[in-house]
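Novice: Handing you a structure now.
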Amino acid sequence: MDSLPTAELAIYATLSLAVIYVFVRHWPTDPLGWAYLFAFCTLRIVGGAMANGGSGSSSASIISSIGLSPLLLATSGILHESRVYRNPNLNTAFEWTLVGVFHVLVATGVALIGAGASSLQGSQPKASDLNLVDVGIALLTTSWALLVIWGSVSLLPSQHSNLAHRHWAGTTLLYSVLVSLVFIGIRVIYALVALSTRQANLNPVTGSIVIRVLLSFLPELIATLVFLAAGIRTQAVGRKHSRQVKETSERKRSHRRSRRDGLSYG
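For the record, in the sequence shown the residue sitting at position 150 is 150 according to the UniProt record's numbering, with numbers rising by one throughout.
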C-alpha cells in the first residue's frame with residue numbers, strides 16, 4: 001500500500017490549522033495569499049483522502065495537477081502583500097491589475113487541465129483533449145515564470161523604500177516568496193514533463209514513489225513551510241499596518257478640514 005497519500009493527508013491537515021492562524025493574524029490588510037494557501041492545503045487533504053479511498057488514480061491525478069493553482073495564487077498574494085509593506089507609494093491600481101491578470105492566467109490553465117483530463121478518462125479520448133492538458137500546464141508554467149520575474153523586479157531599489165514602516169516585514173515575505181519559487185519551480189516543471197510525456201513512472205499519483213517524493217511532495221511541503229515561517233514571523237504586522245493606514249487617512253482628512261475652516265474664516 002502506498003503510504004504517501006496518508007502522510008500527505010496527515011501533514012496538510014495539521015498545516016491547515018497553522019495557515020488559518022496566520023490568515024487571522026494577517027487580517028485585514030492583505031490575507032488573500034494565506035486564503036489560497038489554505039485552499040492548497042485543503043486540496044492536498046482531499047487528494048490524499050481520494051487516493052486512500054480508492055477513488056481511482058485518474059481523479060486523484062486531476063486533483064494533484066489542479067492543486068498547483070492555489071499554490072501559485074498563494075505565492076502571488078504573499079508577494080503582493082510584501083510589496084505593499086515595502087513600498088508606501090505603490091501604485092495600487094496597477095498592482096491589482098497585475099494580480100487580476102495573473103488570476104485569469106492561472107484560472108485558464110486550471111480550466112484547460114481539468115477539462116482535458118476529465119475527457120481523457122472517457123471511453124473515447126481525443127487528441128484535442130491531450131492538447132488542452134498540454135496548453136493548460138504550459139500556462140501554469142508561464143505563471144510560475146511571471147512570478148519569478150515579478151519577485152525579482154521587487155528587489156529593485158525603485159520598488160521599495162527603507163523608510164516604510166513595515167519594510168522589514170515586507171522583506172521577510174519577499175524572501176520567503178523567492179525561496180519558495182525555487183521549490184515551486186521544481187514541482188511545476190515536474191508536472192509539465194509528467195503531463196507532456198505521460199510516462200508511467202512520472203505519474204503524480206501512481207508513478208515511482210521516489211520521484212513523487214523528491215519532485216512533488218517535498219517541494220510543495222518546503223514551499224508551504226517557508227511561507228508559514230514567514231507568516232508567523234510577521235503575524236502582527238497586518239493589523240498594525242491597517243491601523244497606520246487608517247490613522248494616516250484620518251490625519252489627512254483632518255488637515256484638509258482645518259485648511260477649509262481657515263479659508264472660510266479668512
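For glycine and all other residues, C-beta sits at the position ideal for the given N, C-alpha and C.
Buried or exposed, going by whether 16 or more other CB atoms sit within 10 Å of the CB of Thr-171?
Specialist: Classification for Thr-171: buried.
Novice: Once you ignore the five residues that flank Ile-232 on each side, which residues in its own chain have a CB closer than 7 Å to its CB?
Specialist: Closer than 7 Å at the Cβ level, and outside the excluded window around Ile-232, lie Val-22.
Novice: Expressed to the nearest angstrom, what Euclidean distance is found between the alpha-carbon atoms of residue 285 and Tyr-12?
Specialist: Because the chain here runs from 1 to 266, residue 285 falls outside it and cannot be looked at.
Novice: I'd like to know if the region 67-75 and the region 89-108 are in contact, where contact means that at least 3 CB-CB pairs between them fall below 8 Å.
Specialist: These segments touch.
Novice: Could you tell me whether the region 179-192 touches the region 203-218, where touching means 3 or more Cβ pairs closer than 8 Å?
Specialist: Yes, they touch.
Novice: How would you write the range of the alpha helix (DSSP H) that Tyr-176 sits in, first residue to last?
Specialist: Per the sequence presented here, residue 176 reads as Ser, with Tyr not at that position. Run containing Ser-176: 167-197, per the alpha helix (DSSP H) assignment.
Novice: In angstroms, rounded to a whole number, what distance separates the CA positions of Pro-5 and Ile-45?
Specialist: Distance between the alpha carbons of Pro-5 and Ile-45: 9 Å.
Novice: Keeping to the same chain, check which residues put their C-beta closer than 6 Å to that of Phe-110; ignore five residues upstream and five downstream.
Specialist: Inspection of the sequence shows that residue 110 is occupied by Val rather than by Phe. Correct list, in chain order: Ile-66, Ser-69.
Novice: So what does DSSP say about Val-22, is it helix, strand or coil?
Specialist: Reduced to three states, the DSSP call for Val-22 is helix.
Novice: Give the straight-line distance between the Cα atoms of Leu-112 and Val-133, rounded to the nearest whole angstrom.
Specialist: Going from the Cα of Leu-112 to the Cα of Val-133 covers about 6 Å.
Novice: On the three-state DSSP scale, how would you describe Val-46?
Specialist: Three-state result, Val-46: helix.
Novice: Closer than 7 Å by C-beta to Leu-178: which residues in its own chain qualify, once you throw out the five before and the five after it? Chain order, please.
Specialist: Gly-151, listed in sequence order.
Novice: What does the alpha-carbon distance come out to for the pair Leu-90 and Ser-158?
Specialist: Each residue's alpha carbon lies about 10 Å from the other.
Novice: Can you name, in chain order, every residue of its own chain whose Cβ lies under 7 Å from the Cβ of Ala-49, other than the five neighbours on each side?
Specialist: Closer than 7 Å at the Cβ level, and outside the excluded window around Ala-49, lie Leu-9.
Novice: Taking the alpha helix (DSSP H) that Asp-2 falls in, what are its first and last residues?
Specialist: Segment: none, Asp-2 is in no alpha helix (DSSP H) and carries neither H nor E.
Novice: Between the beta-carbon of Arg-25 and the beta-carbon of Ala-236, is there less than 8 Å?
Specialist: It is a contact, given that the beta carbons lie within the stated cut-off.
Novice: Within the continuous alpha helix (DSSP H) that includes Gly-67, where are the two ends?
Specialist: Careful: Gly-67 lies outside any alpha helix (DSSP H) and carries neither H nor E.
Novice: Classify residue 314 as buried or exposed, calling it buried when 16 or more other Cβ atoms lie within 10 Å of its own Cβ.
Specialist: As displayed, the chain neither begins before 1 nor continues past 266, which places residue 314 out of reach and without an answer.
Novice: Leaving out five residues on either side along the sequence, give the residues of the same chain with a beta carbon under 7 Å from the beta carbon of Ala-35.
Specialist: Around Ala-35: Phe-23.
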